[in-house]
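**Q** The sequence shown begins at 11 in this note's numbering and counts up by one.
In this text, a Cβ means the ideal position worked out from N, Cα and C, and glycines have one as well.
Here you go, one structure.
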Amino acid sequence: MAYPWIKSLWLFLLGILTLFLWRIWAFTISPYLNPERPREAPYWIPFIGHSFSFFWNRDKTIEAGLNTFGRTHEPFALRIFCERMYIISSPADTVTIYRNSAAFSWDEYMNLLLQAFGITGRSLELAWHNPRPDAMGFKPNPLNPQNKNLIHLTEDFYKAQLLPGDKLDHLTSRYIDVIDHTFHWKNFSGKYVLEEGAAYKRISLKLFVRMVMTETVTRAMLGEIMFSFEPDLVNHLMVLHDYSWAVVFNLPKVLFPKLGPALGNLSKAIRSYLNTSELDREDECWAIRSILKSQEITGMDEDSRVAMFIMIWWAAHSNTVNACFWIFSYLLFNPGLLESIREETTPAFKDGRLDSSYLANECPLLDSVWSEVLRLVNGAMSVRKVVTSTKVSGKILESGNTVMIPFRQLHYNTNVWGSACFDFDPERFIREPKLQSHPSYRPFGGGISYCPGKSLAKSEVCGFVASLLQRFDISLFTRPGEPPQVFPKLDDTRPSTGTTGPMDDMDLVFDLVPRR
Numbered sequence: 011m012a013y014p015w016i017k018s019l020w021l022f023l024l025g026i027l028t029l030f031l032w033r034i035w036a037f038t039i040s041p042y043l044n045p046e047r048p049r050e051a052p053y054w055i056p057f058i059g060h061s062f063s064f065f066w067n068r069d070k071t072i073e074a075g076l077n078t079f080g081r082t083h084e085p086f087a088l089r090i091f092c093e094r095m096y097i098i099s100s101p102a103d104t105v106t107i108y109r110n111s112a113a114f115s116w117d118e119y120m121n122l123l124l125q126a127f128g129i130t131g132r133s134l135e136l137a138w139h140n141p142r143p144d145a146m147g148f149k150p151n152p153l154n155p156q157n158k159n160l161i162h163l164t165e166d167f168y169k170a171q172l173l174p175g176d177k178l179d180h181l182t183s184r185y186i187d188v189i190d191h192t193f194h195w196k197n198f199s200g201k202y203v204l205e206e207g208a209a210y211k212r213i214s215l216k217l218f219v220r221m222v223m224t225e226t227v228t229r230a231m232l233g234e235i236m237f238s239f240e241p242d243l244v245n246h247l248m249v250l251h252d253y254s255w256a257v258v259f260n261l262p263k264v265l266f267p268k269l270g271p272a273l274g275n276l277s278k279a280i281r282s283y284l285n286t287s288e289l290d291r292e293d294e295c296w297a298i299r300s301i302l303k304s305q306e307i308t309g310m311d312e313d314s315r316v317a318m319f320i321m322i323w324w325a326a327h328s329n330t331v332n333a334c335f336w337i338f339s340y341l342l343f344n345p346g347l348l349e350s351i352r353e354e355t356t357p358a359f360k361d362g363r364l365d366s367s368y369l370a371n372e373c374p375l376l377d378s379v380w381s382e383v384l385r386l387v388n389g390a391m392s393v394r395k396v397v398t399s400t401k402v403s404g405k406i407l408e409s410g411n412t413v414m415i416p417f418r419q420l421h422y423n424t425n426v427w428g429s430a431c432f433d434f435d436p437e438r439f440i441r442e443p444k445l446q447s448h449p450s451y452r453p454f455g456g457g458i459s460y461c462p463g464k465s466l467a468k469s470e471v472c473g474f475v476a477s478l479l480q481r482f483d484i485s486l487f488t489r490p491g492e493p494p495q496v497f498p499k500l501d502d503t504r505p506s507t508g509t510t511g512p513m514d515d516m517d518l519v520f521d522l523v524p525r526r
């Protein structure tokens, strides 16, 4: 009678022994025999590895790996299902990765991102197709004299629109016009106003920046017409903002009940927009118009054009919302700093209208606060596919695997930022301006995927902050007899695709009062 029980026990013990022998081989003997292979952070379940912990809390998983290897910042690997993911956290190694675009491909990752947003099949092939004038069916595109594929052409449009020049100046001016119209007492209404009296409005900071900044960026980029197609546009974009990480990682939409309907409503509005004449879309920015024309010439189907539009739209506002939230959070908890920023930015409003050039070039404290906030809250990463086995810091990164450069680990590197790297220091970049160009400071990525929207993002967020401070007094609300509000905690419980927001249950409430 006892024999089956004893047999099961022996099988269990054999399994435990096999697991221990495998771990000794995988994480002790094999690294010793293959010193040029990046060491893998230990795990217990073969093939699964760090997959679940990585998606549950990416930062903690990476930090655990760094601690395992003594925080030497040499390349190491995580096991994500059947693939090795190489983690690069040394500033010098990031330079190596970014410079070698032949061995470390951005296009491979971009292809996965396009598929995640819904661009597949024939349209995906067309998006990567390099047109040749001698090919049958060739359609000339006056916007594409070098005959680049649509993806690389779109990147060129981004750069032409967002790098300093007339096109950026025009877009920035439109944004300032929208802000100027929005920041009037009578226009502050909606879900973010929690309570109001004759001379004050009590406001949810999280809802305020999410709703107002999302709306202003959309109006500046696309004009008024998009709101006629979907009145609840901002709320749908906020849902996309909250669950964008699930889209990027191509997780089933059924797991996120709010995401599917939001994407459906946005898609419906975009279809209406695409089928509207250019004359009625006269307020759209140059890059959007150029991309839409090029999509038509390329022959993409409407579903894929809509999917790419959503991808572009999401990227345009997602990072600025959280950056704005954190700047206001630090200012509200530091009234002295708030007053210094207000005083510094006052000359930018000499004639009542914001001078974006003055704000960008003559406000060192605001610039330092902006840079410091990006350092502290950026949870994004650069991803590359290894297409040619390459040695980095004495370790061979094998082709077919993925390289990840997590910005938070660069921005919290004590060798660069010192022991106080976790603290907010508003004057850090004033004292040490060279840190702006340090390879351990990557708020906008690097290499071929460097975000050209750096200047616009700064103008949007800093213009938003400065304009509000010039017209209104703001202060943290504290209800008598209740404890003061606590500073929001960074949300590290889900993967981040850019600047990280606060935990879902954390917000700040402030009082808004017109200045006299």
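My assumption, with CB atoms under 8 Å, is that S459 sits in contact with W116. Please give the rounded CB distance.
**A** 5 Å
**Q** DSSP on D517, reduced to helix/strand/coil?
**A** coil
**Q** Quick check: the stretch 197 to 216 against the stretch 250 to 270, are at least 3 beta-carbon pairs closer than 8 Å?
**A** no
**Q** Which term fits S287, buried or exposed, when burial requires 16 or more other beta carbons within 10 angstroms of its beta carbon?
**A** S287 is exposed by the Cβ-count criterion.
**Q** Compare the C-alpha of R481 against each of D514, R525 and P494 and name the closest.
**A** R525
**Q** What ranges does the beta strand (DSSP E) occupy inside the stretch 164 to 193, keeping only unbroken runs of at least 3 residues that lie completely in it?
**A** none
**Q** How would you label N332, buried or exposed, when you count the other beta carbons within 10 angstroms and need 16 or more for buried?
**A** So N332 counts as buried.
**Q** For the putative contact between F79 and I97, defined by C-beta atoms under 8 Å, what is the C-beta separation to the nearest angstrom?
**A** About 10 Å; that fails the 8 Å criterion.
**Q** Below 7 Å CB to CB, which residues in the same chain sit around W195 once its five sequence neighbours on both sides are set aside?
**A** P524
**Q** Less than 6 Å between C-beta atoms, sequence neighbours within five positions excluded: which residues of the same chain meet that for S527?
**A** Only positions 11 to 526 of the chain appear in this structure, which leaves residue 527 out of reach.
**Q** Between which two residues does the beta strand (DSSP E) holding L88 run?
**A** F86 to I90
**Q** What number of angstroms, rounded off, separates the C-alpha of Q419 from the C-alpha of R315?
**A** 36 Å
**Q** For N121, which residues of its own chain have a beta-carbon under 8 Å away from its beta-carbon, when the five flanking residues on both sides are left out?
**A** Within the same chain, N121 has close Cβ partners L134 and W138.
**Q** When the Cα of F319 is compared with those of G455, D69 and E306, which residue comes out closest?
**A** Minimum Cα distance to F319 is reached at E306.
**Q** Assuming contact is defined by CB atoms lying nearer than 8 Å, are D521 and F487 in contact in what I supplied?
**A** The Cβ-Cβ distance between D521 and F487 falls below 8 Å.
**Q** Give the single residue among G457, N285 and V475 whose Cα lies nearest to the Cα of L342.
**A** V475
**Q** Runs of 3 residues minimum, wholly inside the stretch 93 to 141: which ones carry the beta strand (DSSP E) assignment?
**A** 93 to 97
**Q** The beta strand (DSSP E) with V264 in it runs from where to where?
**A** Note, V264: premise wrong, no beta strand (DSSP E); not H, not E.
**Q** For H421 versus R385, is the C-beta spacing smaller than 8 Å?
**A** It is a contact, given that the beta carbons lie within the stated cut-off.
**Q** Any idea if L376 is buried or exposed, counting beta-carbon neighbours within 10 angstroms, 16 or more meaning buried?
**A** buried
**Q** Does the separation of the CB atoms of H246 and N285 fall below 8 Å?
**A** Going by C-beta atoms, H246 is not nearer than 8 Å to N285.
**Q** If you reduce the DSSP assignment to three classes, tell me which class L420 lands in.
**A** helix
**Q** Would DSSP call N388 helix, strand or coil?
**A** strand
**Q** Nearest by alpha-carbon distance to I301: which of L172, T164 and I55 is it?
**A** Residue T164 is the option with its Cα nearest to I301.
**Q** Could I get the ranges of all uninterrupted beta strand (DSSP E) runs contained in the stretch 345 to 386, with 3 residues as the minimum, in chain order?
**A** none
**Q** Does the beta-carbon distance from C472 to W380 come in below 8 Å?
**A** yes
**Q** Indicate the three-state DSSP secondary structure (helix, strand or coil) for G75 in the structure shown.
**A** Of the three classes helix, strand and coil, the one that applies to G75 here is helix, per DSSP.
**Q** Measure how close the beta-carbons of S403 and S469 come, nearest whole angstrom, since I'm counting them as under 8 Å.
**A** Wrong, their Cβ atoms sit about 38 Å apart, outside the cutoff.
**Q** Considering L217, what are the terminal residues of the alpha helix (DSSP H) in which it resides?
**A** L215 to L232
**Q** If you draw a straight line from the alpha carbon of L500 to that of A390, how long is it in whole angstroms?
**A** 13 Å
**Q** In the DSSP assignment, find the beta strand (DSSP E) that holds S485 and state where it starts and stops.
**A** F482 to L486
**Q** Are the CB atoms of F497 and S304 nearer to each other than 8 Å?
**A** no
**Q** I'd like the list of long-range same chain contacts for T182, defined as Cβ closer than 6 Å, with 5 residues on each side in sequence excluded.
**A** S366 and S469
**Q** Taking just the CA atoms, how far does L23 sit from P449?
**A** Their Cα atoms are separated by approximately 50 Å.
**Q** Per DSSP, what are the beta-bridge partners of M414 in this structure?
**A** I97 and V393
**Q** DSSP has E50 in a bridge; who is on the other side?
**A** A87
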